[in-house]
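Asks: Mind having a look at this structure? Questions to follow.
2 protein chains.
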Amino acid sequence: MPKRVDHDERRRQIADALIRTAATRGLHAAGMREVAAEAGVSLRLVQYYFGTKEELLLAAMQQLAVQFGARATARFREAAGSAGPAGPRDVIAAILAEALPADEDRRTFSIVNTAYLALSLTDPALAIAPLVKNSGTVNDVVAAQLRTAQAAGDTPPHLDPDLEALGLMSMSAGLAISVLVGQSAIEQAQAVIDYHLRRLFPAEAVSR
Amino acid sequence: MPKRVDHDERRRQIADALIRTAATRGLHAAGMREVAAEAGVSLRLVQYYFGTKEELLLAAMQQLAVQFGARATARFREAAGSAGPAGPRDVIAAILAEALPADEDRRTFSIVNTAYLALSLTDPALAIAPLVKNSGTVNDVVAAQLRTAQAAGDTPPHLDPDLEALGLMSMSAGLAISVLVGQSAIEQAQAVIDYHLRRLFPAEAVSR
DNA sequence: TTCTTTATGATACGAACGTATCATCAACGA
DNA sequence: TCGTTGATGATACGTTCGTATCATAAAGAA
């Protein structure tokens, strides 16, 4: 076999170029030619790894979800530090903070994620199922963490974990958009998040 | 003067056709030809009333905001009924309920509004300013109503009106998207809204 | 009637897009 | 060395889009 090349790595590079382009010029404006130029490869190669644009869009969407999960995990692992495993509050706080456009990378994620969301609402080719599944999984994780916290006595037992999880994640998504359009500052968004975290975990102090 | 025709009314009809088309096939896919067909007029007439597509997009965006305001106003006027003027809770509940895709009309609004939001993030031609201004105005109204309720003793004084208003509106927007993608049911979204309304107005009972 | 406005029809142009099709070159394992 | 695979280049096809340009018909106030 000649010329060993990591196909998955190449696909990731090209998908990253799409995400970068979509963050600045829009998802619909990110054409095959522009993605190729952003990735530093030829148009022919983009066609080589992704036969169709739809295939490229789907791959980039999935990659976006993977990146988010990895970053959130890394964040609450770091938050826990050497103090044993990460507690429910650390996990939830990490997920919520990761969804806010605090820096350039997360801003890119929020923009492209919003673009995919809007596109999925009307474009049947872009399956809405995986997007919902990813978001639903995060939702379930938050709800499970709340139940754990309730069992430990850190969260008031009268709260509905599923409803609170849905409310938290929805608020986080809404706050991200609010910050993106410049309607509110990132500090305000984080303040709202912190306020509701204090409401859900009244016994513990606010970290950071 | 020959042939009296209400220009504003015609523009409204065409803009409505754009909104209807954008709700089903997407905002970027809503071309001049398709809008003309949806409105039942010729392509030439669309060009006649809106010289540019950008002009049409801006007009439809503004119309979307006007429709939302009118519907929210009508809703809390009806909620108040003959029992004098509408209270702060009625106003806030009406705004939040109006933002949820409970029926076909409101679903259309949510879809197209989300599409505009995503498009504004990357398209400089579509001024983000009016969109932020509209959303910011609603935010201020909610905050003002909260302050009024605090003065009347219906809302706990330790709450920050601005932060609560931002959180409420953001959560409402996030819930709308959650319902649109089918992640959560409209009843769940309304339950989350009701829960937070009870938190903000603990003395009053839940209406409807 | 006459003139201006409203509206339609039939195209046409240039640009951009996704996609496809040639040939060609470099690299590396067998 | 040889053959397979990765990668590039140039280019072309068909479609769709926004926009522009003709001419023309209907309708109502002056």
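Those protein sequences? They're chains U and F, same order as listed. Just remember that the working numbering sits 976 ahead of the position in the first sequence, which is counted from 1. Just remember that the working numbering sits 976 ahead of the position in the second sequence, which is counted from 1. Beta carbons: idealized from backbone N, C-alpha and C, even for Gly.
How should V981(F) be labelled, buried or exposed, when 16 other C-beta atoms within 10 angstroms of its C-beta is the threshold for buried?
Replies: Result: exposed.
Asks: Out of V1114(U), L1033(U), A1119(U), state which residue places its alpha-carbon closest to the alpha-carbon of A1005(U).
Replies: With distances taken between Cα atoms, A1005(U) lies closest to L1033(U).
Asks: Since I believe A1078(F) is in contact with R1051(F) (beta carbons under 8 Å), could you give me their beta-carbon distance rounded to a whole number of angstroms?
Replies: R1051(F) to A1078(F), Cβ: 11 Å. No contact.
Asks: Go ahead and pull the three-state DSSP assignment for S1154(U).
Replies: Helix at S1154(U).
Asks: Locate the alpha helix (DSSP H) running through Q1159(F), then write down its first and last residues.
Replies: Per DSSP, Q1159(F) belongs to no alpha helix (DSSP H) and is neither H nor E.
Asks: Determine the DSSP secondary structure at P1132(U), reduced to helix, strand or coil.
Replies: Reduced to three states, the DSSP call for P1132(U) is coil.
Asks: Give me the chain F residues within the contact set of I1162(U), using Cβ-Cβ distance strictly less than 7 Å, ordered along the chain.
Replies: Residues of chain F passing the Cβ test: none, with the nearest at roughly 12 Å.
Asks: Checking 8 Å against the spacing of the C-beta atoms, do E1091(F) and E1074(F) come in under that value?
Replies: The sequence as given places Ala at residue 1091(F); Glu does not occur at that position. Not closer than 8 Å, so no.
Asks: Taking the alpha-carbon of A1013(U) as reference, which of H983(U), A991(U), A1119(U) has the nearest alpha-carbon?
Replies: Comparing Cα-Cα distances from A1013(U) to each of H983(U), A991(U), A1119(U), the minimum goes to A991(U).
Asks: For L1072(U), tell me which candidate among L1095(U), S1146(U), P1133(U) has the shortest Cα-Cα distance.
Replies: Residue S1146(U) is the option with its Cα nearest to L1072(U).
Asks: For the alpha helix (DSSP H) that contains V1067(U), what are its first and last residues?
Replies: Residues 1064–1074.
Asks: Below 8 Å between beta carbons: does that hold for S1086(F) and L1142(U)?
Replies: Cβ atoms of S1086(F) and L1142(U): not closer than 8 Å.
Asks: If the cut-off is 9 Å on Cβ atoms, which residues from the segment 991–1009 of chain F count as contacting chain U, listed in chain order?
Replies: Within the segment 991–1009 of chain F, the residues whose Cβ lies closer than 9 Å to some Cβ of chain U are A998, A999, T1000, R1001, G1002, L1003, H1004, A1005, listed in chain order.
Asks: Closest Cβ-Cβ distance between V1108(F) and chain U: below 8 Å?
Replies: Chain U contact via Cβ: present.
Asks: What is the rounded straight-line gap between the Cα of E1054(F) and the Cα of V1067(F)?
Replies: Roughly 11 Å separates the two Cα atoms.
Asks: If R1123(U) sits next to P1137(U), beta carbons under 8 Å apart, how far is it from one beta carbon to the other, in whole angstroms?
Replies: That belief holds up - the Cβ atoms of R1123(U) and P1137(U) are roughly 5 Å apart, short of 8 Å.
Asks: For I1153(U), return the contacting residues in chain F, with the cut-off set at a CB-CB distance below 7 Å.
Replies: Neighbours of I1153(U) on chain F, chain order: L1093, A1149.
Asks: Please name the residue, chosen from H1172(F), D1116(F), L1156(F), A1059(F), that lies closest to D1081(F) on a Cα-to-Cα basis.
Replies: Of the candidates H1172(F), D1116(F), L1156(F), A1059(F), the one whose C-alpha sits nearest the C-alpha of D1081(F) is L1156(F).
Asks: Please identify, using Cβ separations under 8 Å, the residues of the segment 1096–1124 of chain F that lie next to chain U, in order along the chain.
Replies: Result list: S1096, L1097, T1098, D1099, I1104, L1107, V1108, S1111, G1112, N1115.
Asks: Which one of A1179(F), R1009(F), Y1025(F), G1045(F) has the shortest CA to CA distance from Q1126(F)?
Replies: Q1126(F) has its Cα closest to that of A1179(F), out of A1179(F), R1009(F), Y1025(F), G1045(F).
Asks: Are D1099(F) and G1002(U) touching if we call contact CB-CB under 8 Å?
Replies: The answer is yes: Cβ separation under 8 Å.
Asks: Can you find the residues in the same chain that come closer than 7 Å, C-beta to C-beta, to R988(U), ignoring five residues on each side of it along the sequence?
Replies: So the list reads Q1039, once near-sequence residues are dropped.
Asks: With C-beta atoms as the reference, is L1076(U) less than 8 Å away from L1151(U)?
Replies: Cβ atoms of L1076(U) and L1151(U): closer than 8 Å.
Asks: CA-CA distance, R1174(F) and K1029(F)?
Replies: Straight-line Cα distance between these residues: approximately 45 Å.
Asks: To the nearest angstrom, how far is it from the Cα of M1037(F) to the Cα of G1057(U)?
Replies: Taking the straight line joining both Cα atoms gives about 48 Å.
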